[in-house]
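Participant: Residue numbers (the working numbering): 192 to 757. My questions will all concern the structure given below.
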């Protein structure tokens, strides 16, 4: 009903001064329009077919035309699926009321949805002529030009907006975001500072400022900005997490820990916070403290799988494997329908060399979870490690049948096929996995490295690995993939720099990384260093399950520099 009175008020306000007789006629028309509006609103509330209501709106426009009546009529026509008529009505309204920006603005929205940018721009400019101080129109125009990467037109709009409309935080935020999008960080910062002058406590502006400082590698200023944000929203997990991550990037672990611990005291069972705190404590060699945190979190959030795995992994790392198994057994007892604890227990049994128990645990899981793709995938992994290739593939394939949209299952099957030498078949599943999870660094790197290592689609392989590195820039295995790709392209010097970085970052000796380093040294004529790296690769050859061709590549490379095997 509010809308009805608003509509009538608009009609009366838009009616010019008239003589008494004309006023009486106008009043009669207003009452008549009022009757139609009420009737139309009642029908809409009853969810009557829009086509039955259209004649009423047509009468409203005829009896007492006003911009709002045209807009309401157009909306009803759109609901009824009569697009052409809606466009015609709005065009007619635009001609009748050239000083009302709403009609051409609505036309621009419709044309945008139809993918007709030129018409949308035409009507947006008409809307701007009608209301040159409307900030929403300037913003929409800027967004459209920006989508087309027409930066000159975008910045021209901003300048006009600043000149003709009252400068506001909205203008400078939009302007700053545009500079940010094209990598002009100093200019972006300048605009965000101007936005803050209009609204000093605007959280959106401060977030963009913090991001800009991060991109400019000015960690101290980014931290300062996030601290301001945290004062405005002290209980915000998002801001706390961003500031904590930034502290970690700047090597300020104690500050990050203090921050996360404070938030964790308010949310003791929050899995993401527990993960953050535990990771920091583990990196500081404070695993016992980390275990206490995980234990408290699991008491607060008993059924959370992420916390369960965190605690189980910590017990395992502390050599308390029996306690870890007890933890999983207790969880299974309380939650028999949840497969995760079965899978974790089976993995631990396998690691301990208790292979029969590992398989038994997964079979028990299938009794409670007969259609669990997670369990079949775990069975596939165990069969693969046991050298039972056909059983491994059968279980991995069945897991995908049970859940064909799970990128992790598709990845697992694709990788298994590739490791068995069926890389063309594997490629199909890896590509499907990537379609479903396009930013997954593990899938990006695996597919990229597969292309690189096999010498096919080298440039595509390198591009995929680079995408993985954008997500995890310090992953030594991804760096190794990139170095190997560059080496295969004949860029050994460039590859050497990256491979040295990979070796510095890798925590556990890896025969593949040593083998690649050796091949790069050899190509650059540094035979002594090549021999040293091949020796290390051979020493760890049995530490990791390698594909036959990977082993052969390391052995033949070692022999080429005078080393013997075995």
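A virtual CB, placed ideally from N, CA and C, is assigned to each residue, including glycine.
1) Have a look at residue 204 and residue 453 and give me their C-alpha separation to the nearest angstrom.
2) If we ignore side chains and look at the alpha-carbon of each, how far apart do residue 588 and residue 442 end up?
3) Relative to the alpha-carbon of residue 326, which residue among 403, 355, 459 and 531 has its alpha-carbon at the smallest distance?
4) Pick out the complete alpha helix (DSSP H) segments inside the segment 439-474, 4 residues or longer, and give them in chain order.
5) With C-beta atoms as the reference, is residue 265 less than 7 angstroms away from residue 255?
6) Where in the segment 513-546 do unbroken runs of the alpha helix (DSSP H), each at least 4 residues long, occur, reported from the N-terminal end onward?
7) Find the nearest neighbour of residue 524 within the set 602, 540, 552 and 548, judged by alpha-carbon distance.
8) Have a look at residue 726 and residue 695 and give me their C-alpha separation to the nearest angstrom.
9) To the nearest angstrom, report how far apart residue 491 and residue 526 are at their CA atoms.
10) Given residue 486, which residues of its chain have a CB within under 8 angstroms of its CB, disregarding the five upstream and five downstream residues?
11) What would DSSP say about residue 691, mapped onto helix, strand or coil?
12) What would DSSP say about residue 629, mapped onto helix, strand or coil?
13) CB-CB under 8 angstroms to residue 309, same chain, minus the five flanking residues each way: which ones, in chain order?
14) Under 7 angstroms Cβ to Cβ from residue 213, same chain only, skipping five residues before and after it: list those, please.
15) In this structure, does DSSP put residue 373 in helix, strand or coil?
16) Could you say which of 240, 463, 272 and 277 lies nearest to residue 249 if we only look at CA atoms?
17) For the alpha helix (DSSP H) containing residue 407, name the first residue and the last one.
18) If distances are taken between C-alpha atoms only, which option among 480, 351 and 319 comes closest to residue 299?
19) Nearest to residue 407 by alpha carbon, out of 434, 432, 384 and 374?
20) Buried or exposed: which applies to residue 238, given that a residue is buried once 16 or more other Cβ atoms fall within 10 Å of its Cβ?
21) Kindly indicate which three-state DSSP category residue 476 falls into: helix, strand or coil?
22) So what's residue 742 in DSSP terms, helix, strand or just coil?
23) Would you mind reading off the limits of the alpha helix (DSSP H) that contains residue 322?
24) I need the straight-line Cα distance from residue 215 to residue 263, nearest angstrom please.
25) I need the straight-line Cα distance from residue 290 to residue 324, nearest angstrom please.
26) Does the Cβ of residue 457 have 16 or more other Cβ atoms within 10 Å, making it buried, or fewer, making it exposed?
27) In chain order, which alpha helix (DSSP H) runs of at least 4 residues are fully inside the segment 382-441?
28) Between the Cα of residue 259 and those of 749, 246, 243 and 292, spot the shortest distance and give me the residue it belongs to.
Facilitator: Well, looking at it:
1) Low confidence applies to residue 204: its pLDDT is 46, below 50, so where it sits in the model is not reliable, and the reading given next is rough at best. Whole-angstrom Cα-Cα distance: 57 angstroms.
2) 44 angstroms
3) 355
4) 444-457 and 462-474
5) no
6) 531-542
7) 552
8) 18 angstroms
9) 16 angstroms
10) 502
11) helix
12) coil
13) none
14) Confidence at residue 213 is low in this model, with a pLDDT of 48, below 50, so the placement of that residue is unreliable and no value is reported for it.
15) coil
16) 277
17) Note, residue 407: premise wrong, no alpha helix (DSSP H); not H, not E.
18) 319
19) 374
20) exposed
21) coil
22) helix
23) Looking at the DSSP string, residue 322 is not in any alpha helix (DSSP H), and its letter there is neither H nor E.
24) Residue placement at residue 215 is poorly supported in this model, since its pLDDT is 46, which falls under 50; the coordinates are not used for a value here.
25) 12 angstroms
26) exposed
27) 394-406, 410-423 and 428-440
28) 292
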